[in-house]
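Reading through the structure tokens given below for one structure.
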Amino acid sequence: MSVWAVLGAQWGDEGKGKVVDFLAGRAKLVIRYQGGDNAGHTVINEFGNFGMHLIPSGIFNPKAYSLIGTGTVVNPVSLLKEMEQVRDAKVPMDKLIISNRAHLVMPYHVALDKAEEKYRAAISGKEKIGTTLRGIGPAYADKIARWGIQCGEILDWNQFTRRVKINLERANRILNHVYDEPELDYDEMMAAFEPACRAIAPFIADSYPLIRKALDENWDMILEGQLGVMRDVDWGTYPFVTSSNPIAGGACAGAGIPPQRIDQVIGVVKAYSTSVGEGPMPTELTDETGKMLRDLGGEYGVTTGRARRCGWIDLVALKFAAQLSGFSSIAITKLDVLDSFKEIKLCVAYDVTNPDGTKYRSDSVPASYLLAKAEPVYITMPGWQSSTTDAKKMEDLPREAREYLRKIEETIGTKIKLVSVGARREQTIFI
Ligand code: GDP
Ligand code: IMO
Ligand code: MG
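Residues in the sequence shown are numbered from 1329 upward in steps of one, following the working numbering.
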């Protein structure tokens, strides 16, 4: 196996949790490399049904180390809750490690996320990002602005609380003077925060020696991304993005793996498109077909419960994602959701309008402000109108389904390694 980066190729929720859980059986180390508890990665296996937020989806392999990597942001209160759920299912957690260099999501980051979204919404509906309100943006903003607090700092409690007090005072100034929101009280804030910090403290360690050992001994590894390429802070639908880099390049920085040591990059691709939150999504369908995709696919957020926006597959965005992250192969999920459609559309180009009103046809993704006005150009393929959920190998799939998959491969120039035809681990065709 060697080192595989597994990441979302679209707007998130592609089924990364399922794919990582499936592949992790072979790995000795699984590293989440960015994001925080904004993620909701669903895993359904012999231990039960889980919505993972920050713990790598490889935790269900008792032989593998699970590392919450340096590039992540960690909310101790929600991580503790997640750990309790996993522990209740009798999943061993003795190999869970939190990088001491990962940053903390503090209660004031959550308050700031809410205040910022409220402020944006008050300006106009167009300014709202539609974040998960988990404090992710403010936590990464503090990291980059050099105000952040690293997880390892918890281990020196006196120094930690000194830093927390200084940072809280600064955050309170912003809450009060910029957003006209109530300030947070230190003692009230620490009532739930301190026990959570103390509970996760034994899991915090320097991840570097483990990573070096893994690389020196050529361990099989999975680098698990959060969200997807179209929500990447540099390449996604800015400003409607998350505050980190889901692209494969983000895996190097976030996990601490040199670029040439990543052997395979696997893009996880849903057989259609979904997005939760605001921002451009060229193939969004607000009609009956969109509703059908949402109902059949159960497209509601794991973290926030919000209904996901749905539409046909966007091969322009996918090719862009495949090129940016250098996909070696792709894993297609939720093919079964298309089982009942008579016809299936695929977006193969955009008609883009320039600021001066001129138009051009593009087979690549323009910057976000242009993407907002892009019209999708579709081709139509026949559906297969039969069930794929029991397929065990490619030959078991109906001819039209195989042709649909071939068209995706051809257009984005990347081979399919895995096809998922149901949420359970065994509903997977591995090529
Ligand atoms: P992630 O964030 O990328 O891990 O994806 P989510 O877990 O947020 O969303 C994927 C949803 O689709 C979850 O409810 C999964 O259980 C489900 N799922 C994953 N693969 C398949 C599949 O092949 N078919 C169906 N029907 N559901 C799937
Ligand atoms: P997984 O890992 C889908 C979206 C939010 C919003 C934008 C920024 O399960 O694919 P943030 O809270 O990160 O500041 O929100 O990103 N978003 C997700 N959408 N799946 C997720 O995670 C998401 N995490 C954040 O809706 O548009
Ligand atoms: Mg998700």
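Glycine included, C-beta positions come from ideal geometry on N, C-alpha and C.
Own chain partners of residue i with C-beta closer than 6 Å, once the 5 adjacent residues on each side are dropped
i: V1749; result: L1663, D1664, T1716, T1717, A1719 and Q1755
i: W1547; result: K1356 and L1357
i: E1509; result: A1443 and L1503
i: H1369; result: K1344, G1345, M1380 and S1385
i: I1707; result: L1674 and V1676
i: P1726; result: W1712 and S1714
i: R1360; result: P1384, I1396, G1397, T1400 and E1552
i: F1378; result: V1371
Contact under 8 Å by Cβ, residue i with residue j
i: T1681; j: K1701; result: yes
i: H1437; j: P1404; result: no
i: N1366; j: T1570; result: yes
i: S1696; j: Y1566; result: yes
i: I1590; j: A1392; result: no
i: I1372; j: R1622; result: no
i: L1643; j: I1744; result: no
i: E1723; j: P1710; result: no
i: H1431; j: K1471; result: yes
i: Q1362; j: N1573; result: yes
i: N1389; j: G1340; result: no
i: V1693; j: A1645; result: yes
Paired residues, beta bridge with residue i - DSSP
i: F1758; result: L1746
i: G1336; result: G1556 and V1596
i: F1378; result: V1371
i: I1658; result: G1595 and I1744
i: T1400; result: G1363
i: L1407; result: Answer by DSSP bridge pairing: none, since L1407 is not bridged.
i: M1709; result: I1672
i: Q1651; result: Paired residues: none, contrary to the question.
Residues near residue i in its chain [Cβ-Cβ closer than 7 Å; skip 5 each side]
i: R1529; result: Sequence inspection shows Ala at residue 1529; the Arg mentioned does not correspond to that position. Correct list, in chain order: I1482 and L1483.
i: K1598; result: Q1338, E1342, G1343, T1661 and K1662
i: K1721; result: I1757
i: W1563; result: V1557, I1575 and L1652
i: L1424; result: I1383, I1387, S1394 and F1531
i: E1445; result: K1456, I1457, T1459 and L1461
Cut-off 8 Å between Cβ atoms - residues of its own chain near residue i, not counting five sequence neighbours on either side
i: R1491; result: I1477 and E1481
i: E1612; result: S1601, S1603, G1618, R1637, C1638 and G1639
i: R1462; result: G1364, D1365, N1366, N1403, S1406, V1433, V1438, D1441 and T1631
i: R1498; result: W1475
i: L1512; result: P1435, Y1436, A1439, L1496, A1499, N1500 and L1503
Worksheet item: Is it true that the stretch 1574-1592 meets the stretch 1381-1401, where meeting means three or more beta-carbon pairs spaced less than 8 Å apart?
Response: yes
Practice prompt. Report yes or no: do three or more beta-carbon pairs, one from the stretch 1645-1658 and one from the stretch 1594-1611, lie closer than 8 Å?
Written response: yes
Discussion item. Can you confirm whether the stretch 1417-1437 touches the stretch 1512-1521 when touching is taken to mean that 3 or more C-beta pairs between the two stretches lie within less than 8 Å?
Written reply: yes
Item to complete: Decide yes or no for the touch test of the stretch 1533-1542 against the stretch 1452-1462: beta carbon pairs closer than 8 Å, at least 3 of them.
Response: no
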